[in-house]
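J.: The opening position of the sequence shown corresponds to residue 1 in the working numbering, with each subsequent residue numbered one higher.
Even glycine gets a Cβ: it sits at the ideal position worked out from N, Cα and C.
Owing to the predicted nature of the structure, the values given are computational and were not obtained by experimental measurement.
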Amino acid sequence: MSRTDDIDVLVSEVGPRDGLQSIDRTMPTDLKYRWIDALAEAGLREIEVGSFVSPKRLPQMADTGMVVEYANGIEDLSVLALVPNLRGAQNAVLAGARSLSMPVSASREHSQANIGMTPEAAVSQVKEVADLLRDQPGENSVEVGISTAFGCTMEGPIAEDWVLELALACAEAGAQSVGLSDTTGSANPAQVRRLFDRLRRELGDRAGAAHLHNTRGQGLANVVAALEAGVTTFDSSQAGLGGCPYAPGASGNIVTEDLVYMLESMGLRTGIDIDRLVAARSVIAEGLPGEPLYGLVPDAGVHRGFTYAANLVEAK
Ligand code: ZN
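1) Could you check if residue 135 belongs to the surroundings of the ligand ZN, using beta carbon to heavy atom distance under 6 Å?
2) Can the beta-carbon of residue 126 be found closer than 7 Å to that of residue 81?
3) Return helix, strand or coil for residue 102, following the three-state DSSP convention.
4) What ranges does the beta strand (DSSP E) occupy inside the segment 53-133, keeping only unbroken runs of at least 3 residues that lie completely in it?
5) Would DSSP call residue 13 helix, strand or coil?
6) Are the segment 256-265 and the segment 303-314 in contact at 8 Å, needing three or more beta carbon pairs?
7) Quick check: does the Cβ of residue 18 come within less than 6 Å of any heavy atom belonging to the ligand ZN?
8) Does DSSP classify residue 214 as helix, strand or coil?
9) Under the rule that 16 or more other beta-carbon atoms within 10 Å means buried, what is residue 311, buried or exposed?
10) Nearest to residue 58 by CA position, among 33, 17, 121, is which residue?
11) Is the Cβ-Cβ distance between residue 36 and residue 47 less than 7 Å?
12) Exposed or buried, what is residue 331 when buried is set at 16 or more other beta-carbons lying within 10 Å of its beta-carbon?
13) Does the beta-carbon of residue 136 have 16 or more other beta-carbons within 10 angstroms, so that it is buried, or is it exposed?
14) In the DSSP assignment, find the unbroken alpha helix (DSSP H) run with residue 290 in it and report its ends.
15) Would you call the segment 90-99 and the segment 149-159 in contact, with 3 or more CB pairs under 8 Å?
16) Measuring alpha carbon to alpha carbon, tell me which residue in 88, 38, 78 is nearest residue 323.
17) Between 128, 84, 130, 143, which has its C-alpha nearest residue 115's C-alpha?
18) Can you check DSSP and say which residues form a bridge with residue 235?
19) State the Cα-Cα distance for the pair residue 43 and residue 224, rounded to the nearest angstrom.
20) Would you report the Cα separation of residue 92 and residue 181, rounded to the nearest angstrom?
21) Mapping the DSSP letters down to three states, classify residue 44 as helix, strand or coil.
22) Would the beta-carbon of residue 207 fall within 7 Å of that of residue 233?
23) In this structure, does DSSP put residue 230 in helix, strand or coil?
24) Helix, strand or coil for residue 284 per DSSP?
25) Could you check where the alpha helix (DSSP H) with residue 260 kicks off and where it finishes?
26) For residue 276, which option in 39, 139, 124 has the closest C-alpha, if you only look at C-alpha atoms?
27) Who are the Cβ neighbours of residue 71 in its own chain at under 7 Å, not counting the five residues just before and after it?
28) Does any C-beta atom of chain B lie closer than 7 Å to the C-beta of residue 293?
29) Can you tell me whether residue 192 is helix, strand or coil according to DSSP?
30) Rounded to a whole number of angstroms, what is the C-alpha to C-alpha distance between residue 53 and residue 7?
31) How would you write the range of the beta strand (DSSP E) that residue 180 sits in, first residue to last?
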């Protein structure tokens, strides 16, 4: 489990999973190791390192078992792996994964395309996975992210009551936390604030992470809205890699570098060193030559007089 007592916001890096699975080329395994090392050295406390899905479907993720085993050896790093169903969870447990994330899509069409089942069937998979983990030794957890919670490329708007109903069902099925994902980059700040407010009222401290995409440039504004609703864990991807292969036109997670800069500037401690984080981009450039790397802070640098939030706290 990661240390969170000395930070205000947990930045959960999803690049090695969400980012790499949306790129057709495969990053060599030894470069995934180096990338994860570099991210952990920069201060990331939690990294989603891959997903246990059919290697025929997503060959980029075929080495996830090895990557989990490697990342488990890094001190103070919480290693997350995505599983779409019980079978994936069984493979994850065999590989030594302890923290699993599961997508449950609020859009019926996206759910079929992404994991080949209805949202209701996905909730029963959450229950089976939670039951499986209960029988394992040590600390284990399953976190759910409600995909397409803010809208779907295929289905259009998604009813907010339905999103909340699904989130509650996932918590009742045994998920430790349930977050909301803007899989297709359709969310706006008013909607984000409203939905996370409702999520917190329904689930209390089991209300989970915000997973936001910057497809239409609303990413960081949506982060601020989620912060106002009490969210303290944010998924992001180094260099903004990512998207969803089954949600056409939905590319680009929010950029970890820009997110960390914004949070630290706002006085919220992340525990992450921006220079080291930016340096980790070189591993992506080596592993996926020519791949576009997004983010503005890596090019502009921090503003003159920038101070990390931890130093502001000490100065008070
Ligand atoms: Zn995503």
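T.: Reading from the atomic positions:
1) no
2) no
3) strand
4) 78-82, 99-105
5) strand
6) yes
7) yes
8) coil
9) exposed
10) 17
11) yes
12) The shown model of the chain, from 1 to 316, leaves out residue 331, and the question about it has no answer.
13) exposed
14) Unbroken run through residue 290: none, as it is neither H nor E.
15) no
16) Given that the chain is displayed from residue 1 to residue 316, the structure contains no residue 323 and the question cannot be resolved.
17) 84
18) 12, 211
19) 22 Å
20) 22 Å
21) coil
22) no
23) coil
24) helix
25) 256-265
26) 39
27) 36, 47, 49, 77, 79
28) The chain labelled as chain B is not found in the depicted structure, where only one protein chain is given.
29) helix
30) 32 Å
31) 177-181
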